[in-house]
Amino acid sequence: MNHIQALSNPIFKIVSQAADELGLDCYVIGGFVRDYLLDRGTHKDIDIVAIGSGIELARKVASLLKEQPKVSVFKNFGTAMLRHGDVELEFVGARKESYHRDSRKPVVEDGTLADDQNRRDFTINALAISLNLNNYGDLLDPFNGISDLESKIIRTPLEPGITYSDDPLRMMRAIRFATQLDFQIEQNSLQAITDNKERIRIISKERIVDELNKILSSNVPSLGFSLLHKTGLLPFIMPELVALQGIEEIEGQRHKDNFWHTLEVVDNISKTTNNLWLRWAALLHDIGKAPTKKFHKKIGWTFHGHEFVGSKMVYRLFKRLRMPLNDKMKFVQKMVLMSSRPIVLSEDYATDSAVRRLVFDAGENVEDLMTLCEADITTKNPKKQRRYKNNFKIVRQKIIEVEERDSIRKFQPPVSGEEIMETFNLKPSKEIGIIKEAIKEAILEGEIPNEYEAAKEFMLAKGKAIGLTPS
Ligand code: ATP
Ligand code: MG
1 MNHIQALSNP
11 IFKIVSQAAD
21 ELGLDCYVIG
31 GFVRDYLLDR
41 GTHKDIDIVA
51 IGSGIELARK
61 VASLLKEQPK
71 VSVFKNFGTA
81 MLRHGDVELE
91 FVGARKESYH
101 RDSRKPVVED
111 GTLADDQNRR
121 DFTINALAIS
131 LNLNNYGDLL
141 DPFNGISDLE
151 SKIIRTPLEP
161 GITYSDDPLR
171 MMRAIRFATQ
181 LDFQIEQNSL
191 QAITDNKERI
201 RIISKERIVD
211 ELNKILSSNV
221 PSLGFSLLHK
231 TGLLPFIMPE
241 LVALQGIEEI
251 EGQRHKDNFW
261 HTLEVVDNIS
271 KTTNNLWLRW
281 AALLHDIGKA
291 PTKKFHKKIG
301 WTFHGHEFVG
311 SKMVYRLFKR
321 LRMPLNDKMK
331 FVQKMVLMSS
341 RPIVLSEDYA
351 TDSAVRRLVF
361 DAGENVEDLM
371 TLCEADITTK
381 NPKKQRRYKN
391 NFKIVRQKII
401 EVEERDSIRK
411 FQPPVSGEEI
421 METFNLKPSK
431 EIGIIKEAIK
441 EAILEGEIPN
451 EYEAAKEFML
461 AKGKAIGLTP
471 S
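Heads up: the sequence shown is residues 1 to 471, going by our numbering.
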């Protein structure tokens, strides 16, 4: 079957012309072909394999383009890259690879198209479409990738044990593709991943996190995390999550399995937000529960302070995985730290002052926090489910009302420290802090509105009460 429709981007005609002028064969291969056949929209990175020099082909293509794009050459890898419009073209010479046990860097020699397809990770990623004029649009599918696409299967072209041992990153990629595409990993592959799980140690944290982020960005991230769990990879990556697994029972009292609960929360939140960091927060919101778990004869299982402990663990986990220790990390910490706050509100009648305090503490992130807490509702009791959801609706409404009245979200003290100093003729001193705190408290409690006049009047009264006289 001819797949000329895949090549509607005019750039392919240029690549074709360049290859024919150089007298070499070339193909588009990998993710672009796969996503075209799956009808997943256009893949923005286009991989071209040349039987010969990929770098030379890239240079030729660039010379045929009006805008004469810059060609970035990676000599060590024998690859070259150029940008054209909104696509990124990567050129590589067909190669044959062999591996050493302690590294995922192969020894590389020139090869045929078949050699190059052999080194690909999965049958669905080894599909190639020819770009030369004489067979333009022909599909080359030596491993029945098409049939695996149809039956939604992740399978390696060669023996899976070798494939995963050679480059253990492929274990993460298999699980990531299974999650993104909702495919099944073929049985022997799954077994080979399980057998080779320890080899994940030679993969850099950055590459692992890239894959984790892609799993978390999928529609149903739990597919990936349960595969990481099932294959035994998860303990090497996030032991904190594994520690949440299991149900303990003492004197007939059980707690829920916080690992499977967490995965449900991640799936829930993924239906309502694409914010990767909020999804991370969902994944980590309960990690403090393993180290804080206790059984008490009278009250049963408790996880006191798990939010605080969890937020400290977020830092250590990010650091270990070499993730950014920036405002994203702080956001995740804050969400974990505050993750129980709205729940307490929703279980009971939420007073205005409790809502005001929530908005004050969560600030700009209050909606994200509500989204997290709504996702946290995993009770299977439909009555409770409805009650919690409804209560959250009420809390959200109250947040809007309180915000309209008092704008707490970007709270700025309505009376400044300087003004307090001037009013009472004070030098910098602890009295100023006391008065400022009292004003803030009065606003949060709803005793006074968040306005200058009211706050000033309150300041005068408070100052007098602690023995100060206005100057
Ligand atoms: P995506 O771009 O969505 O991550 P992709 O399949 O395009 O998916 P890339 O990382 O862009 O993945 O790699 C392009 C192609 O290179 C893949 O389709 C595959 O054929 C090959 N490839 C990438 N990484 C590996 C690997 N670790 N082992 C073997 N082949 C790989
Ligand atoms: Mg790609």
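The beta-carbon is built from N, C-alpha and C at its ideal position, and this holds for glycine as well.
Task: Candidates Pro413, Gln397 and Ser346, of which the one nearest Tyr388 by Cα - done: Taking the first residue of the sequence shown as 1, we reach residue 388 at position 388. When only C-alpha atoms are compared, the closest one is Ser346.
Open item on the list: At a threshold of 8 Å, does Ala274 count as lining the ligand ATP (C-beta to nearest heavy atom)?
Closed with: Taking the first residue of the sequence shown as 1, we reach residue 274 at position 274. According to the sequence provided, residue 274 is Asn. The question's Ala does not apply to it. No, the Cβ of Asn274 stays beyond 8 Å of every heavy atom of the ligand ATP.
- [ ] Answer yes or no: the CB of Phe91 versus the heavy atoms of the ligand MG, is any distance below 8 Å?
- [x] Walking along the sequence shown from the start, residue 91 turns up at place 91. Flag unset: Cβ of Phe91 not near the ligand MG.
Open item on the list: Quick check on DSSP: helix, strand or coil for Thr472?
Closed with: What is shown of the chain runs 1 to 471, which leaves residue 472 out entirely.
- [ ] Can you grab the Cα-Cα spacing for the pair Thr231 / Phe318, in whole Å?
- [x] Counting from one through the sequence shown, the residue named residue 231 turns up at place 231. Counting from one through the sequence shown, the residue named residue 318 turns up at place 318. C-alpha separation (whole angstroms): 23 Å.
Open item on the list: Buried or exposed, going by whether 16 or more other CB atoms sit within 10 Å of the CB of Ala128?
Closed with: Position 128 of the sequence shown, counting from 1, holds the residue named residue 128. Classification of Ala128: buried, given that the 10 Å Cβ count is 16 or more.
Task: Same chain, Cβ closer than 8 Å to Leu64, neighbours up to 5 away in sequence not counted - done: Locating residue 64 in the sequence shown gives position 64, where the first residue counts as 1. Contacts found: Ile14, Gln17 and Ala18.
Task: Classification of Phe225 by the beta-carbon crowding that lies within 10 angstroms, buried from 16 upward - done: Translated into the one-based positions of the sequence shown, residue 225 becomes position 225. Buried, because 16 or more other Cβ atoms sit within 10 Å of the Cβ of Phe225.
TODO: Return helix, strand or coil for Val396, following the three-state DSSP convention.
DONE: On the sequence shown, position 396 is the one that residue 396 refers to. A small fix is needed here, since residue 396 is Arg in this sequence, not Val. Of the three classes helix, strand and coil, the one that applies to Arg396 here is helix, per DSSP.
Task: Start-to-end residues for the alpha helix (DSSP H) that takes in Thr79 - done: The sequence position of residue 79 within the sequence shown is 79, counting from 1. Per DSSP, Thr79 belongs to no alpha helix (DSSP H); it is in the beta strand (DSSP E), Thr79 to His84.
Task: First and last residue of the uninterrupted beta strand (DSSP E) at Ile29 - done: In the sequence shown, counting from the first residue as 1, residue 29 sits at position 29. That run of the beta strand (DSSP E) goes Cys26 to Ile29.
- [ ] Report all residues from its chain with a CB closer than 6 Å to the CB of Ile377; omit the five preceding and five following residues, and keep chain order.
- [x] Against the sequence shown, residue 377 aligns to sequence position 377. Result list for Ile377: Tyr388, in chain order.
Open item on the list: Looking at the strands, I want to know which residues DSSP matches up with Gln184.
Closed with: Working through the sequence shown from its first residue, we reach residue 184 at position 184. Bridge partners of Gln184: Ile153.
- [ ] Give the C-beta separation of Glu56 and Leu7 to the nearest angstrom, bearing in mind that I take them to be a contact with Cβ-Cβ under 8 Å.
- [x] Translated into positions along the sequence shown, residue 56 becomes position 56. Translated into positions along the sequence shown, residue 7 becomes position 7. Not really, about 21 Å apart at Cβ, beyond 8 Å.
Task: Reference Gly62; option with closest CA among Lys328, Ser416 and Ile11 - done: The count along the sequence shown starts at 1 and reaches residue 62 at position 62. Rather than Gly, the amino acid found at residue 62 in this sequence is Ala. Per the Cα distances, Ile11.
Task: Alpha-carbon to alpha-carbon, Met81 and Asp286 - done: Against the sequence shown, residue 286 aligns to sequence position 286. Against the sequence shown, residue 81 aligns to sequence position 81. Going from the Cα of Asp286 to the Cα of Met81 covers about 43 Å.
Task: Arg409 and Pro449 closer than 9 Å at C-beta - done: What you label residue 409 is simply residue 409 of the sequence shown in a count that begins at 1. What you label residue 449 is simply residue 449 of the sequence shown in a count that begins at 1. No, the pair does not count as a contact, with Cβ atoms beyond the cut-off.
- [ ] Report yes if the CB atom of Asn268 is closer than 9 Å to the CB atom of Ala375, and no otherwise.
- [x] Looking up residue 268 in the sequence shown gives position 268. Looking up residue 375 in the sequence shown gives position 375. Yes, the Cβ-Cβ distance between Asn268 and Ala375 is below 9 Å.
Task: Completely contained alpha helix (DSSP H) runs for the region 233-266, where each covers 4 or more residues - done: 234-237 and 239-242
Open item on the list: Taking the alpha carbon of Leu233 as the reference point, which residue from Val336, Gly463, Asp86 and Ile200 has its own alpha carbon closest?
Closed with: Residue 233 sits at position 233 when you count from the first residue of the sequence shown. Considering only alpha carbons, the answer is Ile200.
- [ ] Would you mind reading off the limits of the beta strand (DSSP E) that contains Ser98?
- [x] The residue you call residue 98 lines up with position 98 of the sequence shown. Unbroken beta strand (DSSP E) run through Ser98: Arg95 to Ser98.
Task: Environment of Asp39 [buried if 16+ CB atoms lie within 10 Å] - done: If you number the sequence shown from 1, residue 39 lands on position 39. Counting Cβ neighbours within 10 Å, Asp39 comes out exposed, since fewer than 16 surround it.
- [ ] From the DSSP output, read off the bridge partner residues of Ala50.
- [x] Within the sequence shown, numbered from 1, the residue matching residue 50 stands at position 50. According to DSSP, Ala50 bridges with Cys26 and Gly93.
Open item on the list: According to DSSP, is Asp141 part of a helix, a strand, or is it coil?
Closed with: Along the sequence shown, one-based indexing puts residue 141 at 141. Three-state DSSP puts Asp141 in coil, outside helix and strand.
- [ ] Using a threshold of 9 Å, state whether the C-beta atoms of Phe32 and Asp20 are closer than that.
- [x] Taking the first residue of the sequence shown as 1, we reach residue 32 at position 32. Taking the first residue of the sequence shown as 1, we reach residue 20 at position 20. In this structure, Asp20 does not lie closer than 9 Å to Phe32 by Cβ.
TODO: Starting from the N-terminal side, write out each stretch of the alpha helix (DSSP H) that is 4 residues or longer and does not extend beyond the region 270-327.
DONE: 276-284, 289-292 and 306-320
Task: 8 Å contact criterion, which Phe458 and Phe411 should meet: CB distance rounded - done: Residue numbering aside, residue 458 sits at position 458 when the sequence shown is read from its first letter. Residue numbering aside, residue 411 sits at position 411 when the sequence shown is read from its first letter. About 16 Å separates the two Cβ atoms, so there is no contact after all.
Task: Top-ranked residue by Cα proximity to Asn134, from Glu88, Ile202, Tyr27 and Arg254 - done: As a working mapping, residue 134 is identified with position 134 in the sequence shown. Of Glu88, Ile202, Tyr27 and Arg254, the residue nearest in Cα terms is Tyr27.
Open item on the list: With a threshold of 8 Å (Cβ to nearest heavy atom), would Asp45 be considered close to the ligand MG?
Closed with: As a first step, residue 45 must be located in the sequence shown, where it is residue number 45. The answer is yes for Asp45.
TODO: State buried or exposed for Asn2, treating a residue as buried only when at least 16 other CB atoms are found within 10 Å of its CB.
DONE: Taking the first residue of the sequence shown as position 1, residue 2 is located at position 2. Asn2 comes out exposed.
Open item on the list: Could you check whether the Cβ of Leu169 sits closer than 8 Å to any heavy atom belonging to the ligand ATP?
Closed with: Translated into positions along the sequence shown, residue 169 becomes position 169. Yes - the ligand ATP has a heavy atom lying nearer than 8 Å to the Cβ of Leu169.
TODO: Leaving aside the five residues before and after Arg320 along the sequence, list all residues of the same chain whose C-beta is less than 6 Å from its C-beta, in chain order.
DONE: The count along the sequence shown starts at 1 and reaches residue 320 at position 320. So the list is empty, once near-sequence residues are dropped.
Task: Segment contact, 8 Å Cβ cut-off, at least three pairs: the region 247-258 with the region 295-304 - done: yes
Open item on the list: As a quick exercise: from Ser218, Leu241 and Asn219, pick the residue whose alpha carbon is nearest that of His229.
Closed with: Walking along the sequence shown from the start, residue 229 turns up at place 229. The shortest Cα separation from His229 among Ser218, Leu241 and Asn219 belongs to Leu241.
TODO: Check the C-beta distance from Leu158 over to Arg104 and give it rounded, since I have them as a contact under 8 Å.
DONE: Position 158 of the sequence shown, counted from the start, is the residue given in the question as residue 158. Position 104 of the sequence shown, counted from the start, is the residue given in the question as residue 104. So it is not a contact: roughly 16 Å between Cβ atoms.
- [ ] Look at the Cβ atom of Leu369, then the Cβ atom of Pro413, and state whether they are nearer than 9 Å.
- [x] Stepping through the sequence shown from its first residue, residue 369 is reached at position 369. Stepping through the sequence shown from its first residue, residue 413 is reached at position 413. Against a cut-off of 9 Å, the Cβ pair of Pro413 and Leu369 comes out as no contact.
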